[in-house]
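Chains as they are written, first to last, in our numbering: chain A, 1 to 185; chain B, 1001 to 1450.
Let me begin by presenting the structure, written as C-alpha cells, before commenting on it.
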Ligand SMILES: Cc1cc2nc3c(=O)[nH]c(=O)nc-3n(C[C@H](O)[C@H](O)[C@H](O)COP(=O)(O)O)c2cc1C
Ligand code: SF4
Ligand code: FES
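Right under this line is the structure:
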C-alpha cells in the first residue's frame, strides 16, 4: 500500500503516548544495529513497536514519539506510516482479523468466508464492531494460499477455515478477550 | 521422483533447531567454503551450477554476483528478499519455517563469496509476526557461525532480520532497499543497479530466499553436480507452491524439466483436480500470464510443455506464460476468469506505489472496468477499453509492477475473451457471484489458442 496515501487520524490522537522503558531500550538497540548515520533504517521496526504499545494503531502522538526517539522530522514518520498497510491509522478492535482476499484464496472460498464474517460481525471490511472487539480487514496474499481460505490474527495464522471453524475462532477470541500482537511469543 | 536438495531433511525431526540441523549435515558448506575455498572459487561453483534467481526474474545468480562492484574501503551487502508477497507464492515461508538454518547457512557462504560482512533478511511484516523466524540467527550466533573470525578463518559476518509492514512493492529489489533504509517503498530508477549502488549507496546483491538456500547444496556437492539436474538453462531443482483447485496443495521441490502434465496430475505433486475439470493455470504467481489448461499441458505446436523457464515461456505471450516465482495455482471450471481478473486488478491497484501515472491510474481504471463487467454492469466497449488501458501501462513505468498488472489482464482477454463477452451479454446471470458453479462456461475453442 499504496498509490493513495491513507489519511492519518488527527482528532482521536489526543491521548498521550509514551514508550515503556523496555520498548525504549528495544528502540535504542534497533537504531544502533545499522551503520553510522543510518539509524533511520529502524523506522519500520520501531513503528511496529509503537503500534503494539498503542492498542494496535498509530495515533499522531505515537508517531510524534517515534520521531522524537529517532531524531526525525514528523513528516518523515507520517509518510512512512501511511504507506504500509500493516500500520493502522485509526483505532482498531481488540482483535484485528486480516482475512486474505486475493485470487488464490478466492479459488478456495475466501469470498464466502468474508461474506460470512461480515454478516456475523455486522461490519464491512475495514470496520470495527461496536463493542470494540473485532476489526475486520481484507488483506492481500499472506503466503498461505495452499491452506486457504485463511486469516491472520496477531501472530496466528488460521488456515483451511470453514464457516464452522471461523465461528469457533471468533467465539474463542471473544472468550479470551485479550489482544495478541507480534511481540507475543 | 525429483531430487530433494533443499527438502532432503525437511521432515526430519528436530531439523528446525541448530542441533538437529547440524546433525544432518548442516553448515558443511560454511566449513568447506571458509576452510578450503577462496571467495572466487565459491563464485565459480555458483556460476558452474547454472543457478538462476528464484525470486521471479530468473537472472543467473553467478553473473549477478560477478557484477558486484568492489571499490576499496566501501562495505558490500547481501540482502535476502524474504518479502514473498507475489500472490500464490508460499515457498519461502515454508523453507524458513521448516528448515530455517538453511537460509542462514546459505547467507554466510554467499556473503563469503561476495566479501560482505553484513547481510540483511528483509522479511515481510506478516511473516515476522510469527515467532518462528526470530530465533535461528541468535542460535547460529551463539554457536559461533556468526560474528567475528568465523571458524578461525578471519571472515566476520553479521545477519540482521529486518521487518517490512505490508507492501507488495517492497519485494521489488530497489523498493526493498528504500524500505530497508526506513523510507516508503518507492522503486528507484535503474541504472544504477544495486550491484553498484544499492543499500546505503554501497554495492549490494539482492537475492531471493530460495536462491540463497540453493547455494548450500551447490557448494557442498559442486556446481557441476547441480547443473546435471534440469534441462539447458533451467538447471537444478525449484520449489513450486501449488494452490487453487488442485487436489494436493503444498510446496513441492521438483527437478526442472518434469512435464507440466506430471506436475499437475500425478499424485506425487498436485494430484489433479477434485471433482471437476481444470480450466486455466497461473504457473508463476499472479503477475505471469494466465493460460488455458490445454495450453499449459501442450505448447501451441503440440509438444509436451515442461516445467522449465524456457518451455513455460514457449510461444511468447501469445500462447505461453512464465515460470515466475513458482507460485502455481489452477482453476477448475466453476471459476470465473472475469472475477479472478478483477481480483488480480484490485490487487495491483492496491499495491501500486503511485510514482508513475500509467501504473497508478491505469491499475485503478482496470479495477473499475473489471468490477463493472463482473457485476453485470459492463458496456459493450469495455473489453477494448481494457485492452487499451493495459497496453498503455506496459513498458511505460519505472518498475515491472506496471507490466505485472497489465499481463494478467491481457492474457485473460487473449484466451478467455468469450467469457468477457458473456458478461456483457448476460448481465443478470453474472450478478450471481457463483455464476459458473452450476453451469460451467462452455468455451469457444477458437479462443483457446488464439
Ligand atoms: C513488483 C515486484 C515484486 C517482487 N516481489 C518479490 C518477492 O516478493 N520476492 C522476491 O524474491 N523477489 C521479488 N521480486 C523480484 C526482485 O525484484 C528481485 O529480482 C529478486 O529478489 C532477485 O533475487 P533472485 O535473483 O534471487 O531471484 C519482485 C519484483 C517486482 C517487480
Ligand atoms: S510501476 Fe507502479 S509500482 Fe512500479 S514504480 Fe511505477 S507506480 Fe510504482
Ligand atoms: S492468496 Fe490468500 S494466502 Fe495467498
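In this text, a Cβ means the ideal position worked out from N, Cα and C, and glycines have one as well.
Since the structure is predicted, the reported quantities are computational estimates derived from the model, not experimental observations.
Could you compute how far the alpha carbon of residue i sits from the alpha carbon of residue j?
i: residue 103 of chain A; j: residue 1374 of chain B; result: 14 Å
i: residue 1408 of chain B; j: residue 1282 of chain B; result: 9 Å
i: residue 1098 of chain B; j: residue 1327 of chain B; result: 18 Å
i: residue 1155 of chain B; j: residue 1034 of chain B; result: 8 Å
i: residue 1255 of chain B; j: residue 1230 of chain B; result: 6 Å
i: residue 1179 of chain B; j: residue 1171 of chain B; result: 10 Å
i: residue 1429 of chain B; j: residue 1087 of chain B; result: 29 Å
i: residue 1200 of chain B; j: residue 38 of chain A; result: 8 Å
i: residue 1347 of chain B; j: residue 1159 of chain B; result: 32 Å
i: residue 1389 of chain B; j: residue 1197 of chain B; result: 34 Å
i: residue 63 of chain A; j: residue 54 of chain A; result: 10 Å
i: residue 1308 of chain B; j: residue 1127 of chain B; result: 29 Å
i: residue 1206 of chain B; j: residue 1085 of chain B; result: 16 Å
i: residue 1315 of chain B; j: residue 135 of chain A; result: 46 Å
i: residue 1393 of chain B; j: residue 1208 of chain B; result: 26 Å
i: residue 1311 of chain B; j: residue 1305 of chain B; result: 6 Å
i: residue 1293 of chain B; j: residue 1138 of chain B; result: 46 Å
i: residue 183 of chain A; j: residue 52 of chain A; result: For residue 183 of chain A, the predicted model reports a pLDDT of 45, less than 50, meaning its position is unreliable; a value from the coordinates is still stated below. Near 8 Å, if we compare the C-alpha coordinates of residue 52 of chain A and residue 183 of chain A.
i: residue 1188 of chain B; j: residue 1090 of chain B; result: 26 Å
i: residue 1406 of chain B; j: residue 171 of chain A; result: 42 Å
i: residue 1386 of chain B; j: residue 1369 of chain B; result: 7 Å
i: residue 1061 of chain B; j: residue 1313 of chain B; result: 20 Å
i: residue 1416 of chain B; j: residue 1344 of chain B; result: 15 Å
i: residue 23 of chain A; j: residue 1175 of chain B; result: 28 Å
i: residue 1 of chain A; j: residue 1064 of chain B; result: The predicted model places residue 1 of chain A with a pLDDT of 45, which falls under 50 and marks its position as unreliable, so this point remains unresolved.
i: residue 161 of chain A; j: residue 113 of chain A; result: 8 Å
i: residue 1448 of chain B; j: residue 1441 of chain B; result: Note on residue 1448 of chain B: pLDDT 47, under 50, position unreliable in the model; no value is reported.
i: residue 1303 of chain B; j: residue 1235 of chain B; result: 20 Å
i: residue 40 of chain A; j: residue 1161 of chain B; result: 15 Å
i: residue 1002 of chain B; j: residue 1010 of chain B; result: 15 Å
Return yes when the C-beta of residue i is under 7 Å from any heavy atom of ligand 3, and no when it is not.
i: residue 1366 of chain B; result: no
i: residue 144 of chain A; result: yes
i: residue 102 of chain A; result: yes
i: residue 45 of chain A; result: no
i: residue 1088 of chain B; result: yes
i: residue 29 of chain A; result: no
i: residue 1096 of chain B; result: no
i: residue 166 of chain A; result: no
i: residue 1336 of chain B; result: no
i: residue 1260 of chain B; result: no
i: residue 105 of chain A; result: yes
i: residue 148 of chain A; result: yes
i: residue 141 of chain A; result: yes
Going by the C-beta, is residue i closer than 7 Å to any heavy atom of ligand 1?
i: residue 1054 of chain B; result: yes
i: residue 1059 of chain B; result: yes
i: residue 1432 of chain B; result: no
i: residue 1032 of chain B; result: no
i: residue 1173 of chain B; result: yes
i: residue 1206 of chain B; result: yes
i: residue 1237 of chain B; result: no
i: residue 1084 of chain B; result: yes
Based on Cα-Cα distance, which residue from the options lies nearest to residue i?
i: residue 1036 of chain B; options: B:1151, B:1198 and B:1126; result: B:1151
i: residue 1324 of chain B; options: B:1239, B:1266, B:1276 and B:1267; result: B:1239
i: residue 168 of chain A; options: A:117, A:138 and A:88; result: A:117
i: residue 1020 of chain B; options: B:1404, B:1085, B:1070 and B:1140; result: B:1140
i: residue 1013 of chain B; options: B:1024, B:1110, B:1128 and B:1195; result: B:1024
i: residue 1266 of chain B; options: B:1280, B:1219, B:1246 and B:1285; result: B:1246
i: residue 1355 of chain B; options: B:1415, B:1400, B:1329 and B:1341; result: B:1400
i: residue 15 of chain A; options: A:51, A:84, A:29 and A:59; result: A:59
i: residue 1078 of chain B; options: B:1032, B:1203 and B:1376; result: B:1203
i: residue 1397 of chain B; options: B:1363, B:1418, B:1367 and B:1004; result: B:1363
i: residue 1212 of chain B; options: B:1092, B:1031 and B:1001; result: B:1092
i: residue 1081 of chain B; options: B:1119, B:1135 and B:1067; result: B:1119
i: residue 1262 of chain B; options: B:1358, B:1290 and B:1298; result: B:1298
Any chance the CB of residue i is under 7 Å from a heavy atom of ligand 5?
i: residue 1242 of chain B; result: Judged by which ligands are present, ligand 5 is missing from the structure shown, whose ligands are ligand 1, ligand 2 and ligand 3.
Problem - Pocket of ligand 2 defined by Cβ to heavy atom distance under 6 Å - result: B:1169, B:1187, B:1352, B:1353, B:1354, B:1355, B:1356, B:1359, B:1360, B:1397, B:1398, B:1399, B:1401 and B:1402
Handout entry: Inter-stretch contact (C-beta, 8 Å, three-pair minimum) for the segment 1039-1054 of chain B and the segment 1216-1227 of chain B
Key = yes
Handout entry: contact_flag[the segment 1098-1107 of chain B, the segment 1132-1146 of chain B] where n(CB pairs < 8 Å) is 3 or more
Key = yes
Problem - the segment 1262-1276 of chain B touching the segment 1332-1341 of chain B, judged by at least three CB pairs closer than 8 Å - result: yes
Exercise for the section: Check whether the segment 76-84 of chain A touches the segment 1182-1191 of chain B, counting contact only when three or more Cβ pairs, one atom from each stretch, lie closer than 8 Å. Expected result: yes
Practice task
Could you say if the segment 84-104 of chain A and the segment 144-152 of chain A meet the contact criterion of at least three C-beta pairs nearer than 8 Å?
Solution key: yes
Practice task
Determine contact between the segment 1377-1387 of chain B and the segment 1410-1427 of chain B, defined as no fewer than three beta-carbon pairs at a distance below 8 Å.
Solution key: yes
Problem - Three CB pairs or more closer than 8 Å across the segment 128-145 of chain A and the segment 81-96 of chain A - result: yes
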